[in-house]
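One structure is given below, encoded as structure tokens.
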């Protein structure tokens with residue numbers, strides 16, 4: 289990797305060299321930078337140094353692989369949209385529409401990828417350019433440091449499903465309001481003579497903690513989720529009428545879902 293020159297003739301030389309390597313100069317400025325490299329060995333060395341600095345970014349981009357979300361994510365999102373229309377209930381578009389839609393998505397993602405690449409490169413430039421070479425100091429002023437772990441706040445959700453099957457419930461924990469609500473995504477009644485009971489598992493708990501019984505249609509009347517939310521899993525077990533007689537799940541655990549931050 290090339291090293292930057294010991295001295296830069298002017299603060300704007302480092303910025304111009306970085307912009308040339310990033311590809312953010314307009315056509316006229318880029319031609320001027322090329323001419324400057326031919327006439328100014330120090331500036332040419334600065335450009336080579338920037339090329340060496342930014343080479344790892346190109347290597348990371350080449351190695352990146354898209355993340356594939358679990359199959360239940362999109363149905364769960366659709367279920368929370370107004371109207372609750374599912375993909376299966378919508379009429380399928382004609383094949384020509386699929387081709388047009390694919391082209392539109394391709395154009396969109398090409399543009400999005402280009403913008404994201406420029407943003408990442410610009411952020412990297414801010415991280416590795418000496419603060420004195422910039423017209424402003426990108427480092428934020430230090431603020432007070434809070435003692436202890438950050439307070440849990442906001443909204444948390446969990447999609448409860450049996451194994452890898454379709455989701456059955458969406459649970460939402462609103463810490464500001466102190467409530468936990470549960471909405472059924474499809475009819476999932478308990479066996480005759482049995483009830484569903486919800487439990488909080490993990491999150492530092494030594495054993496499952498009962499959150500109450502699910503009413504008809506999957507509704508649940510619960511107060512604030514006791515204990516930590518992060519790292520918690522919601523589970524639903526099949527219990528005798530009136531709930532578990534032992535304070536722990538006694539029947540099969542039929543639905544589970546991890547709580548994740550939604551805001």
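Residue numbers (this note's numbering): 289 to 551.
Just so it is clear, CB atoms sit at the ideal spot from N, CA and C, and this is done for glycine as well.
- No alpha helix (DSSP H) of 4 residues or more sits fully in the segment 465-541.
- Sequence-distant partners of residue 332 (beyond 5 residues in either direction) whose C-beta falls short of 7 Å from its own C-beta, in its chain, are 325.
- Apart from sequence neighbours up to five positions away, the residues of its chain that approach residue 525 with a beta-carbon distance below 6 Å are 485, 537, 539 and 541, ordered along the chain.
- It is roughly 52 Å from the alpha-carbon of residue 493 to the alpha-carbon of residue 309.
- In the structure shown, residue 459 adopts extended strand secondary structure according to DSSP, grouped into three states.
- Boundaries of the alpha helix (DSSP H) around residue 362: 361-368.
- Taken through DSSP and simplified to helix, strand or coil, residue 446 comes out as strand.
- When C-alpha distances from residue 490 are compared across 517, 501 and 475, the shortest belongs to 517.
- Burial is judged here by how many other beta carbons sit within 10 angstroms of a residue's own beta carbon; residue 545 has at least 16 and is buried.
- Relative to the Cα of residue 471, the nearest Cα in the group 358, 330, 306 and 367 belongs to 367.
- The residues 501, 527 and 529, in chain order, have a CB closer than 6 Å to that of residue 483 in the same chain once the five nearest residues on each side in sequence are set aside.
- Straight-line measurement puts the Cα of residue 519 at about 17 Å from the Cα of residue 458.
- In this structure, DSSP gives residue 303 a helical state, which the three-state scheme calls helix.
- Residues 488, 491, 492, 493 and 497 of the same chain have their beta carbon placed closer than 8 Å to that of residue 515, with the five preceding and five following residues left out of the count.
- In the assembly as shown, residue 319 is an exposed residue. Its beta-carbon has fewer than 16 other beta-carbons within 10 Å.
- For the pair residue 314 and residue 304, the Cα-to-Cα distance works out to about 11 Å.
- Around the beta-carbon of residue 447, 16 or more other beta-carbon atoms lie within 10 Å, marking it buried.
- The DSSP-derived three-state label of residue 544 is strand.
- Counting only the Cα atoms, residue 450 lies some 18 Å from residue 548.
- In this structure, residue 468 sits away from residue 363, with a CB-CB distance that is not shorter than 9 Å.
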